[in-house]
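Undergrad:
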Amino acid sequence: MAGGQKPKRNNEQAGRFSTPEPVRRLVWVRAAGHCEQCGVDVTRDFRTGKTFNWAEVAHVLPASPQGPRASAGYDEGAAERHTVDPDNLMLLCPSCHARTDLDADGYPTHDLSRHHRDHIDQIRHAASRGETQRASGLVILGGHFATENIVRARDLADAMLSESLWADEDIQILRLRAPGLDGRDEVYWRAIEQDIDKSLQDRLTKRTNALGDPLNLAVVGLADIPTLIRVGRQLGDRSNRFLFSRDRSGTLRWIDPAAPAPEWTYVGPPPGDGPIALVLALSAALADAAILDALPGARIARFTLPTPEYGLIRNRATIDSFRRALQPHLSQLEASTPDPLHLFAAIPAAIALEFGALLSTNHAHQYVIYDREGGSNPFAKMMELGPRQPSPTAIEQ
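Here full-length UniProt numbering is used: the sequence shown runs in plain steps of one and ends on residue 397.
(1) How big is the Cα-Cα spacing for residue 463 and Asp75?
(2) In chain order, what residues of the same chain have a beta carbon less than 8 Å from the beta carbon of Glu396, not counting five sequence neighbours either side?
(3) Cβ of Gly137 within 8 Å of Cβ of Gln194?
(4) Leu156 to Asp273, Cα distance in whole Å?
(5) State the start and end residues of the unbroken alpha helix (DSSP H) segment that holds Gly137.
(6) Assuming Ile140 contacts Leu174 (C-beta within less than 8 Å), just tell me the rounded distance between them.
(7) Assuming Val23 is part of the alpha helix (DSSP H), what are its boundary residues?
(8) Please look up how many angstroms separate the CB atoms of Leu343 and Tyr367, rounded, as I've assumed it's under 8 Å.
(9) For Ser162, I'd like the list of residues in its chain whose CB is within less than 7 Å of its CB, leaving aside the five on either flank, ordered along the chain.
(10) Can you give the beta carbon distance from Pro270 to Ala298, rounded, assuming they're within the 8 Å contact cut?
(11) Report yes if the C-beta distance between Ala153 and Met160 is below 8 Å; otherwise report no.
(12) CA-CA distance, Ala79 and His119?
(13) Below 8 Å, can you find three or more Cβ-Cβ pairs linking the stretch 43-50 to the stretch 94-105?
(14) Measuring CA to CA, which of His34, Pro20, Asp111, Asp45 is closest to Asp85?
(15) Which residue's Cα is closest to the Cα of Val23: Trp189, Gly67, His82?
(16) Leaving out five residues on either side along the sequence, give the residues of the same chain with a beta carbon under 6 Å from the beta carbon of Ala146.
(17) Report the residue from Gly67, His116, Pro338 whose alpha carbon sits nearest the alpha carbon of Ala104.
(18) In whole angstroms, give me the CA-to-CA distance for Leu176 and Asp45.
(19) Are the beta-carbon atoms of Leu358 and Leu326 separated by less than 8 Å?
(20) Determine the direct distance from the alpha carbon of Asp224 to that of residue 401, and round the result to whole angstroms.
(21) Between Arg248 and the rest of its own chain, which residues show a CB-CB distance below 8 Å, the 5 nearest in sequence each way excluded?
(22) Please state if the CB of Ala346 and the CB of Leu228 are separated by a distance shorter than 8 Å.
(23) Can you check DSSP and say which residues form a bridge with Met382?
(24) Out of Ala259, Asn377, Pro378, Ala301, state which residue places its alpha-carbon closest to the alpha-carbon of Ile319.
(25) For the stretch 278-313, which segments carrying the beta strand (DSSP E) assignment without a break, of at least 3 residues, lie completely within its bounds, in sequence order?
(26) Compare the C-alpha of Gly386 against each of His329, Phe242, Pro340 and name the closest.
(27) Which of helix, strand or coil does DSSP assign to Ile347?
(28) For Asn315 and Ala261, I'd like the C-alpha separation in whole angstroms.
(29) How far does the alpha helix (DSSP H) with Phe322 in it extend, from its first residue to its last?
(30) Assuming contact is defined by CB atoms lying nearer than 8 Å, are Glu36 and His116 in contact in what I supplied?
(31) Which residue or residues does DSSP assign as beta-bridge partners of Gly180?
(32) Please list the terminal residues of the continuous alpha helix (DSSP H) segment that includes Ala259.
(33) Between Pro226 and Met382, which are expected to be in contact by the criterion C-beta below 8 Å, what is the C-beta distance as a whole number of angstroms?
(34) How would you label Asp371, buried or exposed, when you count the other beta carbons within 10 angstroms and need 16 or more for buried?
(35) Span of the alpha helix (DSSP H) holding His82?
(36) Let me check understanding here. Comparing Cα to Cα, which of Gly142, Pro94, Phe322 lies closest to Leu222?
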């Protein structure tokens, strides 16, 4: 019995016990003021913006022998003991509380107990990380697509919290400029780089942790592939970087955190004198004919999957595995020719950012990046990417 508190019998319902106030406060503290089912902040009224407590203390095993999930032999003594046991008490919003009790079969005791333990453990883990888990949040939205790209700051904040990353101040949404009349030319790309550097200036010079190091950087991007590669290169040499991926349903949380990394396959270019085309076919297959139409005589090196798919990023391990698997092949290709490497890619946004970041570390080779363009949608040269030049901001510092 927590803190020696004895529950009172509820006069309105014979045999039903109510949880003492000190125990209820302990439940609130352990749950950190969030519903243990849906995760909503139950300390704020989102309609008025005012702060107040609107959650309810719910029971896994009930407060009376007649309550939901009561099994044979569950008597008043058991109900009395469980009514003051914090391990049996959850903090739920009214909707989740009603749903949990009305559908006892759909929310069995062992499932609720496990979910409750996981919630408490996650809060303890986040609290123990403290200072090192503060992060700057950055949402990058491209201006090239005909349709509007939408990723809300709250979406990234929720995804960050699921990994115990705490947003330091407001999450920044950077809407990249649209190409001008000359399209995506080198002037446009340099402007994009400067936009990124400017958005990170405060993080690099002002917003630091207690040790004086830049905060972690949580990033999600939604734009065309060349833009994301260019942005990734600007982010690549920054301190701890956490990339998030948006799936077709719009969520940024990982689909399957425990899923194994994909089985990457690589076939190097054939011998010869033609230019080398590096094909990254991960979210869709890319036919050789489309590559050769854009780069006649190309010797194709292909990094792919047995079955390319859009939803290949199921967790952060997928991104890390991609980097480790591709790195040695890039080094071999760069060492094999003094000429530029020509990149053709069908890859998810987070992989494009990671590829750009990879090029910022120990890769000074020249790359030519292609993208689909025009009415018939053929590949066309979009940009050349050489060694990264210091930004005006970096030079001033």
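By construction, the Cβ of each residue, glycine as well, lies at the ideal position given by its N, Cα and C atoms.
TA: Short version:
(1) The displayed coordinates of the chain run from 1 to 397. Any statement about residue 463 would go beyond what the structure contains.
(2) Summary for Glu396: the model assigns pLDDT 41, below 50, so the residue's position carries little reliability; its value from the coordinates is reported in the next sentence. Same-chain partners within the cutoff: there are none.
(3) No, they are not a contact pair.
(4) 47 Å
(5) Gly137 -> not in any alpha helix (DSSP H); beta strand (DSSP E) instead, spanning 134-141.
(6) 5 Å
(7) 21-31
(8) 6 Å
(9) Arg253
(10) Rounded, the Cβ-Cβ distance is 10 Å, inconsistent with contact.
(11) Cβ atoms of Ala153 and Met160: not closer than 8 Å.
(12) 23 Å
(13) no
(14) Pro20
(15) Ranking Trp189, Gly67, His82 by Cα distance to Val23 puts His82 first.
(16) With a pLDDT of 49 at Ala146, under the threshold of 50, the predicted position of this residue should be treated as unreliable, and no value is reported.
(17) The closest CA to that of Ala104, considering only Gly67, His116, Pro338, is found on Gly67.
(18) 34 Å
(19) yes
(20) The structure shown does not extend to residue 401, since the chain spans only 1 to 397, so no value can be given for it.
(21) Excluding residues within five positions, the ones whose Cβ falls inside 8 Å are Tyr310, Gly311.
(22) no
(23) Per DSSP, none; premise fails for Met382.
(24) Ala259
(25) 299-304
(26) Pro340
(27) Coil, per DSSP.
(28) 8 Å
(29) From DSSP, the alpha helix (DSSP H) with Phe322 extends over 316-336.
(30) Yes, the Cβ-Cβ distance between Glu36 and His116 is below 8 Å.
(31) Gly183
(32) That residue, Ala259, is in no alpha helix (DSSP H); it is neither H nor E in DSSP.
(33) The Cβ separation is near 4 Å, so the contact holds.
(34) In the assembly as shown, Asp371 is a buried residue. Its beta-carbon has 16 or more other beta-carbons within 10 Å.
(35) 76-82
(36) The residue from Gly142, Pro94, Phe322 with its alpha-carbon nearest to that of Leu222 is Gly142.
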